Amino acid sequence: MTEDLSPAERYAAARKRAAEQATALADFREMYDFGLDPFQIEACQALETGKGVLVAAPTGSGKTIVGEFAVHLALQQGKKCFYTTPIKALSNQKYADLAKRYGADKVGLLTGDNSVNADAPVVVMTTEVLRNMLYAGSQTLLGLGYVVMDEVHYLSDRFRGAVWEEVIIHLPESVTLVSLSATVSNAEEFGDWLDTVRGDTEVIVSEHRPVPLFQHVLAGRRMYDLFEEGEGRKKAVNPDLTRMARMEASRSYNPRDRRKGKMVREADRERERRQRSRIWTPGRPEVIERLDSEGLLPAITFIFSRAACEAAVQQCLYAGLRLNDDEARARVREIVEERTAAIPDEDLHVLGYFEWLEGLERGIAAHHAGMLPTFKEVVEELFVRGLVKAVFATETLALGINMPARSVVLEKLVKWNGEQHADITPGEYTQLTGRAGRRGIDVEGHAVVLWQRAFSPEHLAGLAGTRTYPLRSSFKPSYNMAVNLVEQFGRYRSRELLETSFAQFQADKSVVGISRQVQRNEEGLEGYKASMTCHLGDFEEYARLRRDLKDRETELAKQGASQRRAAAAAALEKLKPGDVIHVPSGKFAGLALVLDPGIPAGRSNGHRGFEQHDGPRPLVLTAERQVKRLASIDFPVPVEALERMRIPKSFNARSPQSRRDLASALRTKAGHIVPDRHRKGRAAAADDREITRLRAELRAHPCHGCDEREDHARWAERYYRLRRDTQQLERRIEGRTNTIARTFDRIVALLTEMDYLRGDEVTQNGKRLARLYGELDLLASECLRDGVWEGLSPAELAACVSALVFEARAADDALAPKLPSGKAKAALGEMVRIWGRLDALEEEFKISQTEGVGQREPDLGFAWAAHQWASGKGLDEVLREADMPAGDFVRWCKQVIDVLGQIAAAAPSVSGAGDGDTVAKNARKAVDALRRGVVAYSSVG
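Those letters in the sequence shown? Residues 283 to 1223, by our numbering.
If you want it as structure tokens, here you go:
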């Protein structure tokens, strides 16, 4: 090729190569034994020129290479680099990777649980740790040159997403930001915002998967491709799948089918179904065996239930599945025993260690949040080493953990979202199946969905082919955020900062279209105004008088109708069984006998078809022998009893003979009576002074005598209608503009009322609140302020603090939680009372929990377990009484430890008391009491 170039071109190419070799990127590329992809090179080059970057690429595409290049640049330039991740497990994994590459002396780790070499030039941390550093003005920030935000799409998370935006907004301008995201459909919009708040930011989007993904459906004994083979055209759904779905839909399996007079058992129906059709949902052991025979292991099967993950492992063990040979089994046992050596034998029994080990030795494991962190990490390590080949996992595994597989299996396309069973979204499907295909190992990855009843191939094709995963901000101001911002910047500057959030950026962009419509409407209003101009006078004023008159007449008509309905309902309430009435209107108008006066207003009698109504609903027998329950609409005017009749005790409304006899008696008794015609009263408008005044003003107005008056009036009506629509649009704009700032103003007003803020000054109470991070930050601060936790033992304090972090997985548990007795119980009761006071105050200041702001009610469900563990009770006893998986127990304990650490830093010393009596001292003791056994096992080796 070079022979074809001119001397000038060869010289230019040589200069370009020399320039590239002189860059930091050239040194960096030599550290890897594989070439970089174009998107990685583009992002690294942008970084080296001093720009920030946003990289949006599929899972497994290697976008973390860009983050590692930022680490490389920082070390080369003598600056610091912070590498942030959303979850501790990912921080631990990244720490291990970077320490291996650059040496343990240059890499540190900061999470809620661990602090390793925190002053190192490269520190891996959870995003919350960096946020807390920024608010505290930590000295560790000195010399910071780069921040890598891995999995930055987490800012959509409604519980924790605000933290990402806080960090992005508050990082010093000198820091270069590297944002790594999954593929999102609005990366350009997010990049525009980063450009606004962080300066020059390059957006690099890559849709290319380095390992191609093939989609399949497993039905019965056969695996079908989801899409037909074909090049150069839009992928079509496999017609075999479409035909099977139609065939399944045409067959109805009625559970009340009868065979020889007996109910058909479910098993018989299933057997019959299999015989009639070769389509069924294969069992979990069948699926793994099938994947093994096709050479598609290792595989991750996503099941959206922890219990189902554990059950799947047991099913495979009972089926006799063995995916490891003797050598692999021995290696597994060696690794497991090494990693769990610190766990006492009695705890291993409680944790189900031996059943877990048996599965691992066979190459099968579960992975979910209910597992002990150590157990999860062992599963991850063995899977990456190829010693575990089948993992049954909940969706949490998809969140960033580096556990790629050859295949991913989805049992169902529906999951429980905390409120209902809902279809998984295209974004979730992409995230889950993104694990399939190991770069550098597999030529292709495979996503397998199991056939289920009512399966729709078109729906699956839509999930697989859609790339709509928009990033939506979940940013909301909090109490802690408010005091920290005011302390650093003052109220006015804080308000301005919040206006720069991505949440406000998105809200403002959504307003653009509405604003254009308002502008068009205003142009139309000018035209209408010109068309209704009258040479005799101000027609706009005349039109306003006409509208006021019409509005007053409408208002009086509504009042009259309301009064008539009330009078009719009052008359119906006086009816008794045996009253003969004349139904004034409706389908059953005419003579009728009241059998039952009906139900009280606003009540329902519980029968299907009886809806909530605004008045009594009498049950009557008509003269035509029909028994009907009437509604208030049948009585536009009041009714009175014309006569009374005795209803025989033997009367049966369902008997035609009974109805006929009683209807005949009704006609004989009252058929000759002619009901009084209801006379309409004098209209209220006739005597209304306001209407009289408006009519007089209309007649006196100069425009009243205009020959074109009605023509002008039609233009005026259009004018007022368009003006009303425009005002509604303006209200929508107002509702979306400055929303974050208005919420901040309400929070500041409440904090000022409670003496946390005084103008731009943060009080001592506010300074304490500034150190308390978490959902119930204000409640924790108020408990410290009121001395609720004074005099509590460390175990009692742990029980109380657990209520600030714990949230039961199953909402509205019918059973009241078990609580420790004595001072702890009284303190927990006082915490709930303080929350009630705060809740009322939030309502007064219009701070709504539905908007993600405010204090939820403390949950006392973990108080007993925290108290028992901090009191030194054994793991077996505590887990049995708490009825909680070990992983959940450890996670909640660590969260309690985290908040106890904040309380130790924030709690004031009691004047005149020894250090031992302070809440701070007992908080530190509670931390030590909780951090033992399974809770203390470090996840960083």
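Glycine included, every Cβ here is placed at the ideal spot set by N, Cα and C.
This structure is a prediction, so every number in the text was calculated from the model and none was measured.
### Message
Assuming the contact rule is C-beta atoms closer than 8 Å, C1082 and M1036 should be a hit. Round their C-beta distance to whole Å, please.
### Response
Numbered from its first residue, the sequence shown carries residue 1082 at position 800. Numbered from its first residue, the sequence shown carries residue 1036 at position 754. A Cβ-Cβ separation of about 21 Å leaves C1082 out of contact with M1036 under the 8 Å criterion.
### Query
Which residues in the same chain as P1167 place their Cβ atom closer than 6 Å to its Cβ, once the five residues preceding and following it in sequence are excluded?
If you number the sequence shown from 1, residue 1167 lands on position 885. G652, listed in sequence order.
### Task
Find the nearest neighbour of V493 within the set A328, D319, E662, Q845, judged by alpha-carbon distance.
The sequence position of residue 493 within the sequence shown is 211, counting from 1. The candidate whose alpha carbon is nearest that of V493 is D319.
### Message
On a Cα-Cα basis, can you pick out the residue from L1101, L980, L1123 that is closest to V1030?
### Response
Mapped onto the sequence shown, residue 1030 falls at position 748. A check of alpha carbon separations from V1030 across L1101, L980, L1123 identifies L1123 as the nearest.
### Query
What does Y365 pair with, by DSSP beta-bridge criteria?
Position 83 of the sequence shown holds residue 365. Per DSSP, V406, V430.
### Query
Can N363 and A356 be called in contact, C-beta distance under 8 Å?
Taking the sequence shown and counting its residues from 1, one reaches residue 363 at position 81. Taking the sequence shown and counting its residues from 1, one reaches residue 356 at position 74. Checking the sequence shown, residue 363 turns out to be Cys, not Asn. Yes; because the gap between Cβ atoms is below 8 Å, this pair is in contact.
### Message
Along the chain, where does the beta strand (DSSP E) containing T458 start, and where does it finish?
### Response
Numbered from 1 along the sequence shown, position 176 holds the residue referred to as residue 458. Residues 458-463.
### Query
To which residues does DSSP link H728 through a beta bridge?
For the purposes of this step, residue 728 is identified with residue 446 of the sequence shown, where counting begins at 1. Looking at the DSSP assignment, H728 forms a beta bridge with F496, S689.
### Task
Would you mind stating whether P368 and T524 have Cβ atoms separated by less than 8 Å?
One-based indexing of the sequence shown puts residue 368 at position 86. One-based indexing of the sequence shown puts residue 524 at position 242. In this structure, T524 does not lie closer than 8 Å to P368 by Cβ.
### Message
Could you tell me the alpha carbon to alpha carbon distance between D309 and G360, rounded to whole angstroms?
### Response
Along the sequence shown, one-based indexing puts residue 309 at 27. Along the sequence shown, one-based indexing puts residue 360 at 78. In a straight line, the C-alpha of D309 is about 16 Å away from that of G360.
### Query
Alpha carbon to alpha carbon, what distance is there between R721 and F328?
As a first step, residue 328 must be located in the sequence shown, where it is residue number 46. As a first step, residue 721 must be located in the sequence shown, where it is residue number 439. According to the sequence provided, residue 328 is Ala. The question's Phe does not apply to it. Cα to Cα, A328 sits roughly 25 Å from R721.
### K697 in three-state terms, based on DSSP
Residue numbering aside, residue 697 sits at position 415 when the sequence shown is read from its first letter. Correct three-state label for K697: strand.
### Message
With DSSP as the reference, identify every bridge partner of D878, one or two as the case may be.
### Response
Indexing the sequence shown from 1 puts residue 878 at position 596. DSSP, once it has assigned bridges, lists L901 as partnering D878.
### Query
Whose C-beta lies closer than 6 Å to the C-beta of N468 among residues of the same chain, with five residues either side of it excluded?
Within the sequence shown, the letter at position 186 stands for residue 468. Hits under 6 Å: P752, L753.
### Query
A1211: which of E781, A704, A1080, I796 sits nearest, CA to CA?
Along the sequence shown, one-based indexing puts residue 1211 at 929. Of the listed residues, the one whose Cα sits closest to A1211 is A1080.
### Task
Quick one: measure Cβ to Cβ for A1189 and T1200, integer angstroms, because I've assumed they're closer than 8 Å.
As a position in the sequence shown, residue 1189 is number 907, starting the count at 1. As a position in the sequence shown, residue 1200 is number 918, starting the count at 1. About 7 Å; that satisfies the 8 Å criterion.
### Query
What did DSSP end up calling F757 once you bin it into helix, strand or coil?
Numbered from 1 along the sequence shown, position 475 holds the residue referred to as residue 757. Coil, per DSSP.
### Three-pair Cβ contact test at 8 Å for the region 666-674 versus the region 1180-1188
no
### Message
Looking at the secondary structure, which residues open and close the beta strand (DSSP E) in which V445 lies?
### Response
In the sequence shown, counting from the first residue as 1, residue 445 sits at position 163. Unbroken run through V445 is the alpha helix (DSSP H), 444-452; no beta strand (DSSP E).
### Task
Could you tell me how far apart the beta carbons of V460 and M505 are, in whole angstroms, since I believe they sit closer than 8 Å?
To locate residue 460, count along the sequence shown from 1; it is residue 178. To locate residue 505, count along the sequence shown from 1; it is residue 223. Not really, about 41 Å apart at Cβ, beyond 8 Å.
### Query
Are the Cβ atoms of Q1137 and L1032 separated by less than 8 Å?
Along the sequence shown, read from residue 1 onward, the residue named residue 1137 stands at position 855. Along the sequence shown, read from residue 1 onward, the residue named residue 1032 stands at position 750. Cβ atoms of Q1137 and L1032: not closer than 8 Å.
### Task
Could you please give me the residues that DSSP links to S397 through a beta bridge?
Looking up residue 397 in the sequence shown gives position 115. Partner(s): L392.
### Query
Can R773 and D1042 be called in contact, C-beta distance under 8 Å?
The residue given as residue 773 occupies position 491 in the sequence shown. The residue given as residue 1042 occupies position 760 in the sequence shown. Yes. Within cutoff.
### Query
Per DSSP, V485 forms a beta bridge with which residues?
Here residue 485 is taken as the residue at index 203 of the sequence shown, counted from 1. Listed as beta-bridge partners of V485 by DSSP are L336.
### Spatial neighbours of D1158 in its chain, beta-carbon cut-off 6 Å, leaving aside the 5 residues before and after
Working through the sequence shown from its first residue, we reach residue 1158 at position 876. So the qualifying residues of the chain are V632.
### Query
In chain order, what residues of the same chain have a beta carbon less than 8 Å from the beta carbon of K951, not counting five sequence neighbours either side?
Against the sequence shown, residue 951 aligns to sequence position 669. When the five nearest sequence neighbours on each side are left out, the beta carbons in the same chain lying within less than 8 Å of the beta carbon of K951 are those of V862, E925, M927, in order along the chain.
### Assigned exposure category for Q421 - 16 Cβ within 10 Å defines buried
Translated into the one-based positions of the sequence shown, residue 421 becomes position 139. By the neighbour-count rule (16 or more Cβ atoms within 10 Å), Q421 is not buried but exposed.
### Query
Among residues of its own chain, excluding the 5 on either side of A852, which ones have a beta-carbon nearer than 8 Å to its beta-carbon?
Residue numbering aside, residue 852 sits at position 570 when the sequence shown is read from its first letter. Cβ neighbours of A852 within its own chain (closer than 8 Å, five residues either side excluded): P920.
### Query
How close, in whole Å, do the beta carbons of E447 and F757 come, if the pair is a contact with beta carbons under 8 Å?
Taking the first residue of the sequence shown as position 1, residue 447 is located at position 165. Taking the first residue of the sequence shown as position 1, residue 757 is located at position 475. Rounded, the Cβ-Cβ distance is 5 Å, consistent with contact.
### Nearest candidate by alpha-carbon position, reference Q1150, set L1120, E972, L1004, A1106
On the sequence shown, residue 1150 is found 868 positions in, with the first residue counted as 1. Cα-wise, what sits closest to Q1150 is A1106.
### Query
Okay, do the region 814-829 and the region 978-991 touch, 3+ Cβ pairs below 8 Å being the bar?
yes
#### Entry: Among D629, P655, P626, D608, nearest to E640 - alpha-carbon criterion
As a first step, residue 640 must be located in the sequence shown, where it is residue number 358. Residue D608 is the option with its Cα nearest to E640.
### Query
For M1252, does the three-state DSSP call read helix, strand or coil?
There is simply no residue 1252 to check, as the chain begins at 283 and stops at 1223 in what is shown.
### Task
Measuring alpha carbon to alpha carbon, tell me which of A839, G897, Y377, M529 ends up nearest S397.
Reading the sequence shown from its first residue, position 115 is the one you call residue 397. The shortest Cα separation from S397 among A839, G897, Y377, M529 belongs to Y377.
### Query
Counting pairs of beta carbons, one from the region 909-916 and one from the region 860-877, are three or more of them closer than 8 Å?
yes
### Task
Name the one or two DSSP bridge partners that H649 has.
The sequence position of residue 649 within the sequence shown is 367, counting from 1. According to DSSP, H649 bridges with A675.
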